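Peer 1: Submitted below is the structure of interest, expressed as structure tokens.
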Amino acid sequence: MKMRKLKLGLASLAAVAVLAGCSSATTLTDASGQTATRSTATGNSGSSEALTALLSENQESHYSQDDSDYDESSVTQITLNGSSATASGGGVTVDGSTVTITSAGTYRLAGSLTGQVIVNADSQDVKLILNGVELTNPSGSPMVVTAADEVTLILADGTENTISDADTYADTSSEAPSSAVDSASDLSIAGNGSLSVTGNNNDAINSADGLVIAGGNVTVKAADDGIRGKDYVIVSGGTVNVEATGDGIKSDNETNADRGYVLIENGTVNITSGDDGIKGFNDVAISGGAVTVSNSLEAVEAQTLVISGGQTRLTSSDDGINISGDNPQGFTIAGGAVTIDSEGDGLDSNAAGTISGGSVVILGPTVGGNGSVDVQSGLTVTGGELWAIGTSGMAESPSENSTQAFVFTNLNGSSTGEVSIADSSGNVIATQASSKQYSSVLYSGPSISAESTYEILLGGKSAGTVSANQYATGMGSGPGGGQPGADQQSSRPGR
């Protein structure tokens, strides 16, 4: 176990994230599907260092590739027959509609069962091959792990598997299972089949330890949280679709400083949630894959966040990224492409914030009282590319600690549509489209030179010029503009 935590903290993460990166073409899309393509510093070396620094402070994953390997000759067949089941070997007991696995081994389940599958194999590893399974339970949880070291659900190639629990459980005691898939031990999901889990009572998939999704097509719908791993949730492959009334993906260990984290390192993750999209009590890290939070209160919430790769698209009715909690450390974006469409703050940190690589586009908010950027100790930009296009009421520019230049201006009204930055020769060096109304524009990228003069174009028409690293206000509005800029008085030039 590693003891916590960024007491070296975001200062250390930021330091390693400043390492030089390389340049690549990046295409970004706003909420309306409009795109802009440009050259972006990806910060590959620094992004790897930042991620390594964060993960070294946390408990390692329980999962390894051989957890999903098995010897076919040693597989025990379990056939589900509606309200009963039969087994071809030992390690299994059947009592009416309850199937209990009591020994280590690999078990293949097929058929349908109205009842319950229980794993009670103290401190042993169990592999369950789901080979076309339909599990329901009208009075509780259909799949429960009460005791094991690790349990791996292997989704057989080409199969569809469904698990659905009761709306109301017969046993509502505090120690009783309360989720459709409920595990007291480390749980992994792998394979190339599909799994659909409906949590009608509470969560869809819940582990009281760690939870790893390494493969398969996993779809969950939940009355509360979609996917919860108390110690950690790791997505390393497959496709994960979450529809949740509560949080989408969550890890909430509040006791152990090296746990309570969410890591997405590969695969495709799509989340619609009524509360937070992705929530780590301590940390959230995104190092690869494609992550889309299409509806949320706050899209990502943690005390520490590192994004070092992948494509991340966040939509929220409040903050897009929120760094808060008892010991907030801040965020580092060191690689990848991040798009935030928020009605609250886009990047909100109650501590530090650094952008050192990759590309970040923030669209919104559209009303005063929030800002595209709200970083308590100031946003440090040392590389990559940043667009922040929103209301001017609480607009904030990068801090004096930034080493990469920026262009920042408030408009004399509001605009919608495309905004471009042109150099003194009239060459357009960056363009971003927004379907939302905005009255403030911030851009930072490798093409901006300190104290050079740049022209702001709205809808292809000049709105005025501004010097890099200077705060400008009162520029003309573009298409859709003409609204009074009454909220400009409270703007926040760099802290």
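When you line the sequence shown up against mature numbering (1 follows the signal peptide of the UniProt record, and there is no 0), it's residues -25 to -1, 1 to 470, in that order.
We put the CB at the ideal spot given by N, CA and C, even for glycine.
Computed from a predicted model, the values in this text were never measured in an experiment.
State the start and end residues of the unbroken beta strand (DSSP E) segment that holds ILE188.
Peer 2: Segment 185 to 188, the beta strand (DSSP E) holding ILE188.
Peer 1: Can you tell me the Cα-Cα spacing of VAL67 and THR54, whole angstroms?
Peer 2: For VAL67 and THR54, the distance between alpha carbons rounds to 12 Å.
Peer 1: Contact between the segment 23 to 32 and the segment 46 to 66 is defined here as three or more beta-carbon pairs at a separation below 8 Å; is this criterion met?
Peer 2: Contact between the segment 23 to 32 and the segment 46 to 66 is absent, because fewer than three Cβ pairs lie under 8 Å.
Peer 1: Rounded to whole angstroms, what is the Cα-Cα separation between TYR45 and THR81?
Peer 2: TYR45 and THR81: Cα-Cα distance of roughly 7 Å.
Peer 1: Near ALA443, what residues of its chain come up, given a Cβ to Cβ distance below 7 Å and the 5 sequence neighbours on each side ignored?
Peer 2: Only ALA380, PHE381, VAL382, ILE423, SER424, ALA425, GLU426, SER427, TYR429 meet the Cβ criterion.
Peer 1: Checking the sheet assignment: what are the DSSP bridge partners for MET118?
Peer 2: According to DSSP, which records beta bridges pairwise, MET118 is partnered with VAL92, VAL156.
Peer 1: Would you list, in sequence order, the uninterrupted beta strand (DSSP E) runs of no fewer than 3 residues that lie entirely inside the segment 203 to 233?
Peer 2: 207 to 210, 214 to 219, 224 to 226, all fully within the segment 203 to 233.
Peer 1: Please report the residue range of the beta strand (DSSP E) in which ILE423 lies.
Peer 2: No beta strand (DSSP E) contains ILE423, which DSSP labels as neither H nor E.
Peer 1: Given a cut-off of 7 Å, decide if LEU186 and GLY174 are closer than it, judged by their beta-carbon atoms.
Peer 2: No; because the gap between Cβ atoms is not below 7 Å, this pair is not in contact.
Peer 1: Determine, using beta carbons only, whether ILE330 and LEU289 come nearer to each other than 7 Å.
Peer 2: Against a cut-off of 7 Å, the Cβ pair of LEU289 and ILE330 comes out as no contact.
Peer 1: Have a look at ASP398 and LEU272 and give me their C-alpha separation to the nearest angstrom.
Peer 2: Taking the straight line from one Cα to the other gives about 38 Å.
Peer 1: Within this structure, are the beta carbons of SER347 and ALA363 separated by less than 7 Å?
Peer 2: Yes; because the gap between Cβ atoms is below 7 Å, this pair is in contact.
Peer 1: Under 8 Å Cβ to Cβ from ASP184, same chain only, skipping five residues before and after it: list those, please.
Peer 2: Contacts found: HIS37, SER158, ALA159, SER160, ASP161, LEU162, GLY204, LYS205, ASP206.
Peer 1: Decide if GLU240 is buried, meaning its Cβ has at least 16 other Cβ atoms within 10 Å, or exposed.
Peer 2: When all chains shown are included, GLU240 counts as buried.
Peer 1: Taking 7 Å as the cut-off, decide whether the C-beta atoms of ASP258 and ASP222 are in contact.
Peer 2: Against a cut-off of 7 Å, the Cβ pair of ASP222 and ASP258 comes out as no contact.
Peer 1: Counting only the same chain and skipping the five closest in sequence on each side, list residues whose C-beta sits under 6 Å from that of SER262.
Peer 2: Excluding residues within five positions, the ones whose Cβ falls inside 6 Å are LEU26, GLU240, SER283, GLY284.
Peer 1: Could you give the DSSP three-state label for ALA28: helix, strand or coil?
Peer 2: Helix at ALA28.
Peer 1: Using DSSP's beta-bridge definition, name the partner residues of ALA277.
Peer 2: The partner list for ALA277 (beta bridge, DSSP) reads ILE298.
Peer 1: Do ASN345 and GLY305 have their CB atoms nearer than 7 Å?
Peer 2: Cβ atoms of ASN345 and GLY305: not closer than 7 Å.
Peer 1: What residue ranges within the segment 308 to 362 form continuous alpha helix (DSSP H) runs of no fewer than 4 residues, ordered along the chain?
Peer 2: Here no run is fully enclosed.
Peer 1: Is it right to say ASN56 is buried, meaning 16 or more other beta carbons lie within 10 angstroms of its own, or is it exposed?
Peer 2: Exposed, because fewer than 16 other Cβ atoms sit within 10 Å of the Cβ of ASN56.
Peer 1: Whose CA, out of SER78, LYS102, THR287, lies closest to the CA of ALA312?
Peer 2: Cα-wise, what sits closest to ALA312 is THR287.
Peer 1: Throw me the rounded Cβ distance for the THR366 and VAL342 pair, which I believe falls under 8 Å.
Peer 2: With 8 Å as the limit, THR366 and VAL342 qualify as a contact, their Cβ atoms being about 6 Å apart.
Peer 1: Can you have a look at THR279 and say buried or exposed, based on whether 16 or more other CB atoms are within 10 angstroms of its CB?
Peer 2: Buried: at least 16 other Cβ atoms inside 10 Å.
Peer 1: What residue does the beta strand (DSSP E) around ASP161 start on, and which one ends it?
Peer 2: 161 to 166 is the extent of the beta strand (DSSP E) around ASP161.
Peer 1: By alpha-carbon positions, which one of ASP146, ASP97, GLU125 ends up nearest to GLY115?
Peer 2: That would be ASP146, whose Cα lies nearest to the Cα of GLY115.
Peer 1: Ignoring anything shorter than 3 residues, give me the beta strand (DSSP E) runs that lie fully in the segment 363 to 444, in order along the chain.
Peer 2: Taking only runs of at least 3 residues, the beta strand (DSSP E) segments lying wholly in the segment 363 to 444 are 381 to 397, 403 to 419, 428 to 433, 436 to 442.
Peer 1: Near ALA274, which residues of its chain fall below 8 Å by C-beta distance, leaving aside the five closest residues on each side in sequence?
Peer 2: Hits under 8 Å: ASP251, GLY252, ILE253, VAL268, LEU289, THR290, SER291, ASP294, GLY295, ILE296, ILE315, SER317.
Peer 1: Looking at residue 484: is its Cβ nearer than 7 Å to the Cβ of ILE246?
Peer 2: The structure shown does not extend to residue 484, since the chain is modelled only from -25 to 470, so the question has no answer here.
Peer 1: May I ask you to report which of helix, strand or coil DSSP gives SER49?
Peer 2: Correct three-state label for SER49: helix.
Peer 1: Going straight from the alpha carbon of PRO373 to that of ASN228, what length do you get?
Peer 2: Their Cα atoms are separated by approximately 33 Å.
Peer 1: Are SER181 and SER154 close, meaning C-beta to C-beta below 7 Å?
Peer 2: It is worth fixing the name first, because residue 181 is Asn in this sequence and not Ser. Yes, the Cβ-Cβ distance between ASN181 and SER154 is below 7 Å.
Peer 1: So is ALA151 buried or exposed if we call it buried at 16+ other beta carbons inside 10 Å?
Peer 2: Its Cβ having fewer than 16 others within 10 Å, ALA151 is exposed.
Peer 1: Determine the closest residue to ASN177 out of VAL156, GLY255, ILE129, with distance taken between C-alpha atoms.
Peer 2: Ranking the options by Cα distance to ASN177, first place goes to VAL156.
Peer 1: Tell me the DSSP secondary structure of GLN99 in three-state form.
Peer 2: In this structure, GLN99 counts as coil in the three-state DSSP scheme.
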